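Student: Okay, handing you the structure first.
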Amino acid sequence: MADATTIDVAHAEETRREAKGKAPLLATPVVVAATTKAMEHEKGGYKRGIAIFDFVLRLGALAAALAATATMGTTDQTLPFFTQFFQFQASYDDMPAFQFFVIGMAIASGYLVLSLPFSIVRIVRPHAVAPRLLLIVLDTVMLALTTACASSAAAIVYLAHSGNQSANWLAICQQFTDFCQQTSGAVVASFIAVLIFLFLVVLSAIALRKH
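Structural data, given as structure tokens:
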């Protein structure tokens, strides 16, 4: 009986030691899973915050692009002193650079409207990669287009304000004040849209890097 009792005690002690040795092994996967889940939740909240900021920026870019398009597209001024056979008039469609500006900014405005649903998808599904890749590519294209539109129009506006003595180009803004004010405002709005597009591209790049 003493030997049996000794064997039972030894067996119980060995079982207790094995249980102690296995307990951390069983607890480790649970801790790792919980930590991973917490990290994914934190990353998802971070990406959702970026997506919401992206949506707000798109609304701002849309407002700037629409303002630039509407302002330039309605620019037209006729001077009050004219005769029966001759009058002084300035309109945006008299200059190809301004026509390109209106068309390009209108395209950018349409793109921003179409991109809003994809931006909402990014808010709902912050870990989705496909919408983010699509938007960063198209945003880069629109950044190039709006930059070209704004730069070409800015060059014409500068000539309208300052002229060019070497080429005998006269500054017309002393006469066509309203025309120059509207075109200048449209150019400023377009550069605001350019800056917002630049921020959108940078935000998308950061979100992809953190993926």
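Take the sequence shown: its position 9, counted from the start at 1, is 9 in the UniProt record's numbering, and no numbers get skipped. Beta carbons: idealized from backbone N, C-alpha and C, even for Gly. What you are looking at is a predicted structure, and each value in this text was computed from that prediction instead of being measured.
#1: Beta-carbon separation of Thr105 and Ala68 under 7 Å?
#2: So, at 7 Å on beta carbons, what are the nonlocal neighbours of Cys149 in its own chain, with the 5 sequence-adjacent residues on each side left out?
#3: Could you give the distance in angstroms between the alpha-carbon of Ser204 and the alpha-carbon of Leu170?
#4: Under DSSP, the alpha helix (DSSP H) around Ser166 begins and ends at which residues?
#5: Can you look up Val188 in the DSSP assignment and give me helix, strand or coil?
#6: Which parts of the UniProt domain "Casparian strip membrane protein" (48 to 195) are runs of the alpha helix (DSSP H), unbroken and 4 residues or longer, counting only runs that do not cross its ends?
#7: Within 10 angstroms of the Cβ of Ala167, are there 16 or more other Cβ atoms? Answer buried if so, exposed if not.
#8: Look at the alpha carbon of Arg125 and the alpha carbon of Val157, and state the distance between them as a whole number of angstroms.
#9: Give a yes or no on whether the minimum CB-CB distance between Ala108 and chain C is below 7 Å.
#10: Shortest alpha-carbon distance to Ala97 belongs to which of Val194, Thr183, Ile192?
#11: Cβ atoms of Thr78 and residue 235: under 7 Å apart, would you say?
#12: Tell me which residues share the same chain as Leu138 and place their Cβ nearer than 8 Å to its Cβ, disregarding the 5 neighbours each side in the sequence.
#13: For the structure I just gave you, are there three or more beta carbon pairs, one from the stretch 117 to 124 and one from the stretch 43 to 63, closer than 8 Å?
#14: Please state if the CB of Val194 and the CB of Thr146 are separated by a distance shorter than 7 Å.
#15: Between which residues of its own chain and His161 is the CB-CB distance below 7 Å, once the five residues before and five after are set aside?
#16: Gly49: which of Ile206, Ala128, Ile192, Ile123 sits nearest, CA to CA?
Tutor: Here's the rundown:
#1: Taking the first residue of the sequence shown as position 1, residue 105 is located at position 105. Taking the first residue of the sequence shown as position 1, residue 68 is located at position 68. Correcting the residue identity first, residue 105 is Met in this sequence and not Thr. The answer is yes: Cβ separation under 7 Å.
#2: The sequence position of residue 149 within the sequence shown is 149, counting from 1. Within the same chain, Cys149 has close Cβ partners Phe100, Phe101, Gly104, Met105, Ser190.
#3: If you number the sequence shown from 1, residue 204 lands on position 204. If you number the sequence shown from 1, residue 170 lands on position 170. Their backbone Cα atoms lie some 45 Å apart in a straight line.
#4: Along the sequence shown, one-based indexing puts residue 166 at 166. Per DSSP, Ser166 belongs to no alpha helix (DSSP H) and is neither H nor E.
#5: By 1-based counting over the sequence shown, the position of residue 188 is 188. Three-state DSSP puts Val188 in a helix.
#6: 96 to 124, 130 to 162
#7: Walking along the sequence shown from the start, residue 167 turns up at place 167. Exposed, by the Cβ-count rule.
#8: Residue 125 sits at position 125 when you count from the first residue of the sequence shown. Residue 157 sits at position 157 when you count from the first residue of the sequence shown. Their Cα atoms are separated by approximately 44 Å.
#9: This model lacks chain C altogether, as it is built from one protein chain only.
#10: Along the sequence shown, read from residue 1 onward, the residue named residue 97 stands at position 97. Taking only the C-alpha atoms, the option nearest Ala97 is Thr183.
#11: Because the chain is modelled from 1 through 211, residue 235 falls outside the range shown and cannot be assessed.
#12: Within the sequence shown, the letter at position 138 stands for residue 138. Here the set comprises Tyr111, Ser115.
#13: yes
#14: As a first step, residue 146 is located in the sequence shown; it is residue number 146 there, counting from the start. As a first step, residue 194 is located in the sequence shown; it is residue number 194 there, counting from the start. Yes, these two residues count as a Cβ contact at 7 Å.
#15: To locate residue 161, count along the sequence shown from 1; it is residue 161. These residues qualify, in order along the chain: Ala171, Cys173, Cys180.
#16: As a first step, residue 49 is located in the sequence shown; it is residue number 49 there, counting from the start. Comparing Cα-Cα distances from Gly49 to each of Ile206, Ala128, Ile192, Ile123, the minimum goes to Ile123.
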